[in-house]
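Participant: 1 is the number of the first residue of the sequence shown in UniProt numbering; add one for each residue after it.
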Amino acid sequence: MSQKNTLFKYFSKSPAPRLSQGDTKTPNGNSEGTPEESSKKRPISSNGDSVTPKSSKKPNLGTTNGRSGGKSLSAKKNGKTIKTPKDEKKSKPKKKLLDSMKEEEPVDDSIEDPLDDLEDLDDSYVPDESGSEDEEAESSGENEESEQSADEENDESPNNKSSKRKRTKEPRRSSKKVKSSTPNVKAKSIPSSGKLSLNASSSTPEAGSGSFEDDVQNWTHLKFEFLKPEKIKDASGRRPSDPEYDCRTLYVPKDFILDQTPGMRQWWDLKAKHYDCILFFKVGKFYELYHWDAVTGVKELSLTFMRGAFAHCGFPEIAYGRFSAQLVDKGYKVARVEQTETPDMMEKRVKKMYKPTKFDRVVKREICQLTTKGTRVFTVADGEAREAQSAYLLSIMEKEIDNTKSTYGVCFVDTSIGVFHIGQFDDDRHSSRLRTLIATYPPVQVLHERNQLSKRTNQILSNAVASALKEALNPETEFWTATDTLIKISERKYFEEGLPETLKSFVGEEDALGLTASTNSELGVRCLGAIIWFLTRGFLDFQLLTLAKFEVYTPIVISRLPDEQMEKITLKNMVLDAITLRNLNIVDNGQGGTVGTLLHRIDNCSTPFGKRLLRHWMCSPSTSIQTIRARQAAVKILRENTTLLSELGTVLAKVPDLERLFNRIYAQSSKGLHDSHPDNRAIMFEEKVYSKRKILEFIAVLDGFALLQRASLLMQECKPCDDSEILVQCSHFPNHMTPGAFPDLEEHLNFFKKAFDRDEAEKEGRIIPSAGVDPEYDQAMDELKQIEKETKKYLAQQCAHFECKVVYVGKDKTRFQLEIPDSKVSKVSDEYELVGQRKGFKKFSTVETKSFLERQMTAEDLKLNVLASLRKRIFTRFIEKYEDWYAAIECMSTLDVMMSLATYSLSIEGDTCIPEFKAVENVDQPFVNLVNGKFPCVTSEEDFIPNDTKLGENGGASLLLLTGPNMGGKSTLMRQLGLLVIMAQMGCIIPAESLELTPVDRIFTRIGAQDDIMSGESTFFVELCETASILNNASVHSLVLVDELGRGTSTYDGTAIAAAVLQELSRMKCRTIFSTHYHTLVGSIKDNSGIALGHMSCMVESEEEDENGKEETVTFLYKLAEGACPKSYGFNAARLAGIPSHIIRSGSAKAKLLEEQASNRKVFRSIFTGVSPADAIASL
């Protein structure tokens, strides 16, 4: 008999029964047809070999109609039919039924570690090999398997139904990992590129021709005309060449759809609407991938193709998190498709239909989750986040003011936390604000209105966030107008109490209904609309928006204040633009990592939320002397109390990512999961596993907050901590004698500690509430206890009346029947109704017993309904204390950062100091005085030489013109000063003997340059753009670091521009280090008292001499010295680089000749201007 292709036919109509632990086979059963057939159903590895399933034992899958070999559940005895509760038309002899119940062994209801499940399943996808005659026929739905294991019979599961077949307990497999017989090897002919390809490719596999190499060239989907590149269209019939082409949809001909089996029609319907997604299509207990999705699965996930005419692979439900994460990491979108009705539900639905077709006779399936790089929420099925730092989904809109300037609207959100940032701002011709936003809040996915971004903005996005996914949305329908956005927010009722205050600030004051955006906020509101549309597509809008966490994004200041307004710093935080963040390697090393950055060196945080706050502080240090001194005091106390620091570190290291976990718990509460969400209808075969995970996560959160409470108490016991305002705020309760901001969580934690039995919850994966926790559950339990009391009393009355033993018999709907001996039946009155009999006894019911049964069943139903929704209700009760939980997280994240800074200070070898800040109004001019400062991003004292740096001290020169040999340490000296100033204004203890300064409002850097090929900009143009930003925006309170300006052009042009910029910076009196190799600049500033000369010292030794001159050896001392350096010693760098000696000597001789010629020209010019020859020579 030929066998139908894939398990899809069986499972597309019904959920598969749970297999025994360790059995990786999928069950055989009646199935619906698929478009293709193959003679065998063995899996094939990527080398073409057929793989034998681990077990050939076929599970007993009896169905209700007996077609699959299951025994009938009805039989006759003595001419009477004994009916089962499930099917009154089918019956079984009572004695045999009771015997079978006695013989049936209980199913192990415990939950194993999910990793054990993965281990046993081995991620192999192995269908049943054996065929049956029933499988030849096209299934119409009557033969659906609706059984479920006892593992799924928990009160909260949507699959809460009793098993309808006899089960035997199989021996537990060893937990020792056994190597799978199915090798997971990538197909050789599939390209290894991880880029998302939406179109069918000629290099993708096909099957059925014999060898694997032949199989991968003839897949059925490559033969479909509508999928061929020259004919492919979107759902509206547009070709890819059309500007309005929608790559998210696919045109599928109607006649093709009608020719599919019911299950495959579901797949094609979903694929046509989500062409850009990989569909994880639930089929029983497996997720299956078809056609080109399967090709991707084999290529990227090392899954194994199944034999058949069309590409097909799959994996167990429990492995969803691992495989979806791998695809999302590589830039794919993953849509999780679930079965949202059981076969019984399908049959009831079909019976209500007038003329159901075969397409109606299949269980419903819906997309329940669409995950992309920018929409990860890390549910229990997804698994944990691997990175503590945020990954943002950014929506951006641009309105060009002219050819050089633009207004931007932005909205960005970290979906794992749920905080929305909305803003609108004007930007300069370099898009400085946009670049800084991207550097500070790096997006992993960018939404924009189709064909509306300028070329300049597209280039910025391509260069600055090259790895981010870009998504073009259609105007108005997807990238909503501001009015449509506000209307949809109102219609969908995301906020119970109206718009949050932050959103109200974006609404026009004249609009009382709040449906019109203000003029200066329209673009920002439109970007929020685009985010909402995208989240709605992924079924996340309700979950995230109802948190009502919105913040106004304030961009960096890019314009300089008038001179008369510069006496005081008006900014709360130091401005670090994208260029400075990059040039100083503050949070990113330029290679997509953090190794070698300031963040990497200082980050000793114990908690993920502490790490995120530290990064935020590092990107925007404070300019408030009061705030800085408060942080310094906290760090100093923690540094001096190492025992406390160690104890706190031990406690906080055990705390999970409470910010993200809180968001996950919120998503499972009644406030975070809308009643219409398809996940409420999803049939999950690992529901008990997921339920247990959710409860374990909830317990972990409670334990985490208990640890925060413990850390708070440790702080309260430390008397020195009372001297720090920040430590008091982080640890003291509001009602403390020295009140703080940390909420007392003891009452909340005690409530949840007593609310349910934690041991049972951890073991069984369900919550049974304690008395007094849930009123409805208490009502049901009280009623059951009252009924039990009344039935006992009534039974005692009956025993007294009949003067014999009377008992209750029956079960389910026949409970509370009175069984009375035949010898006492004469005392029965008219109120007794005969309902049955057995030898020597008769059974009666009364008005009282019927009332007992009705009340009992009502109370039991209430209890079951309450338990089914209890987890959601407990979670809802938890998130009602939102303010307290979040206040605790904020306090402890601040404490964690303080601890990180203290830990860093203890790791510094050599001198350390607490920087001393002076108010600007108390000094003659802004200054910085660094003594023996060391580069902070090193771990060894001998790696870097300490140096002094003085700018503007006591009214002295605010600009240092720095010269010195190549590789002598000029750039490092500048970076060192910039990093130490940032650390100082974060409140950190730094590696230096001392540091005195006035606060810096912004750091500008022009260090290093390279061609911007993507933007068509040369090295020199990049230099000038960065220099223009400095000259236009720097204030007297800024720190400017300029390294070798003018090197991208000719010597004369470069020297001239450098000299002009040098003079302007001197006039502005901003603290500046200006390094150069143009030694002629030294002479041009000799009369400028605002410029000091310095150089990186070195030792020069001459070696052998020939006709071309001497070869010099330079030893770098890396020490800043006063005065100018006479040469740059570039030939020493050439020698170190390995250029041959004869070339170096020849070049040195040429350089000497050029220097002599330049000196002669200078002497002649001096003589002709009236200077004596002696004075002219002396000036050289």
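Each residue gets a CB set at the ideal place from its N, CA and C atoms; glycine is no exception.
Under a Cβ-count criterion, where at least 16 other Cβ atoms within 10 Å of its own Cβ denotes burial, should Lys-513 be classed as buried or exposed?
Facilitator: The question names Lys, yet the displayed sequence has Leu at residue 513. When all chains shown are included, Leu-513 counts as exposed.
Participant: Less than 7 angstroms between the beta carbons of Ile-982 and Pro-442, yes or no?
Facilitator: Not closer than 7 angstroms, so no.
Participant: If the criterion is Cβ atoms closer than 7 angstroms, does the pair Ala-868 and Leu-784 meet it?
Facilitator: No. Outside cutoff.
Participant: Counting pairs of beta carbons, one from the region 357-371 and one from the region 694-713, are three or more of them closer than 8 angstroms?
Facilitator: With the cut-off at 8 angstroms, the region 357-371 and the region 694-713 do not touch.
Participant: Under a Cβ-count criterion, where at least 16 other Cβ atoms within 10 Å of its own Cβ denotes burial, should Thr-304 be classed as buried or exposed?
Facilitator: With 16 or more Cβ atoms within 10 Å of its Cβ, Thr-304 is classed as buried.
Participant: Might you give, ordered along the chain, the residues of its own chain that have their beta carbon closer than 6 angstroms to the beta carbon of Asn-474, omitting 5 neighbours on each side?
Facilitator: So the qualifying residues of the chain are Arg-450.
Participant: Name the two residues that bound the continuous beta strand (DSSP E) containing Ser-1075.
Facilitator: It spans 1071-1075 - the beta strand (DSSP E) in which Ser-1075 sits, taken as one unbroken run.
Participant: Considering only the beta carbon of each residue, do Val-928 and Leu-997 sit closer than 7 angstroms?
Facilitator: Yes, the Cβ-Cβ distance between Val-928 and Leu-997 is below 7 angstroms.
Participant: I need the DSSP call for Cys-247, collapsed to helix, strand or coil.
Facilitator: Three-state DSSP puts Cys-247 in coil, outside helix and strand.
Participant: Buried or exposed: which applies to Asn-663, given that a residue is buried once 16 or more other Cβ atoms fall within 10 Å of its Cβ?
Facilitator: Counting Cβ neighbours within 10 Å, Asn-663 comes out buried, since at least 16 surround it.
Participant: By DSSP, does Leu-1039 sit in helix, in strand, or in coil?
Facilitator: Leu-1039: strand per DSSP, three-state reduction.
Participant: I'd like to confirm the pairing. Which residues does DSSP put opposite Cys-718 in its beta bridges?
Facilitator: DSSP output for Cys-718 lists no bridge partner at all.
Participant: Note down the Cα distance separating Thr-375 from Gly-910, rounded to an integer number of angstroms.
Facilitator: Distance between the alpha carbons of Thr-375 and Gly-910: 46 angstroms.
Participant: Just verifying my parser: in three-state terms, what is the DSSP assignment at Cys-937?
Facilitator: If DSSP states are grouped into helix, strand and coil, Cys-937 belongs with coil.
Participant: Ends of the alpha helix (DSSP H) at Lys-619?
Facilitator: The sequence shown places Cys at residue 619, not Lys. Element bounds for Cys-619: 608-619.
Participant: What's the call for Thr-643, buried or exposed, on a 16-neighbour Cβ count within 10 Å?
Facilitator: So Thr-643 counts as exposed.
Participant: In terms of residues, what are the limits of the beta strand (DSSP E) holding Ile-367?
Facilitator: First-last of the beta strand (DSSP E) with Ile-367: 365-371.
Participant: Following the continuous alpha helix (DSSP H) through Gln-786, name the residue where it begins and the one where it ends.
Facilitator: Note, Gln-786: alpha helix (DSSP H), 775-802.
Participant: Mapping DSSP to helix, strand and coil, what is Ser-900?
Facilitator: Helix, per DSSP.
Participant: In chain order, which beta strand (DSSP E) runs of at least 3 residues are fully inside the region 868-934?
Facilitator: Fully enclosed beta strand (DSSP E) runs of 3 or longer: 928-933.
Participant: For the alpha helix (DSSP H) that contains Phe-534, what are its first and last residues?
Facilitator: Note, Phe-534: alpha helix (DSSP H), 522-537.
Participant: So, using beta-carbon positions, are Pro-608 and Asp-657 closer together than 7 angstroms?
Facilitator: It is a contact, given that the beta carbons lie within the stated cut-off.
Participant: Which residue marks the beginning of the alpha helix (DSSP H) containing Tyr-320, and which one marks its end?
Facilitator: Note, Tyr-320: alpha helix (DSSP H), 320-329.
Participant: What does DSSP give as the partner residue(s) for His-312 in the beta ladder?
Facilitator: Per DSSP, Tyr-290.
Participant: Just how far apart, CA to CA, sit Glu-471 and Ala-464?
Facilitator: When rounded, the distance between both Cα atoms is 16 angstroms.
Participant: Residues in the same chain with beta-carbon distance under 8 angstroms from Ala-887, minus the five sequence neighbours each way, listed in chain order, please.
Facilitator: Here the set comprises Ala-741, Phe-742 and Pro-743.
Participant: Tell me the DSSP secondary structure of Tyr-354 in three-state form.
Facilitator: Looking at Tyr-354 - three-state DSSP - the assignment turns out to be coil, as it is neither helix nor strand.
Participant: In the structure shown, what three-state DSSP assignment does Gly-423 receive?
Facilitator: Strand, per DSSP.
Participant: Please report the distance separating the alpha-carbon of Thr-949 from that of Asn-966.
Facilitator: Distance between the alpha carbons of Thr-949 and Asn-966: 20 angstroms.
Participant: Figure out for me which residue from Ile-820, Ser-845 and Gly-840 has the closest Cα to the Cα of Glu-831.
Facilitator: Measuring from the Cα of Glu-831, the nearest candidate turns out to be Ser-845.
Participant: State yes or no: is the C-beta of Ala-1034 within less than 7 angstroms of the C-beta of Cys-988?
Facilitator: Result no, Cβ atoms of Ala-1034 and Cys-988 do not sit closer than 7 angstroms.
Participant: Decide if Leu-289 is buried, meaning its Cβ has at least 16 other Cβ atoms within 10 Å, or exposed.
Facilitator: So Leu-289 ends up on the buried side.
Participant: Nearest-angstrom Cα distance between Val-1061 and Leu-576?
Facilitator: Each residue's Cα considered, the two are about 21 angstroms apart.
Participant: CA-CA distance, Asp-382 and Ala-325?
Facilitator: One C-alpha to the other measures close to 7 angstroms.
Participant: Give the DSSP bridge partners of Tyr-408, in chain order.
Facilitator: Paired residue(s): Glu-398 and Phe-425.
Participant: Work out the CA separation of Gln-729 and His-736 for me, nearest whole Å.
Facilitator: Computed Cα separation, rounded: 11 angstroms.
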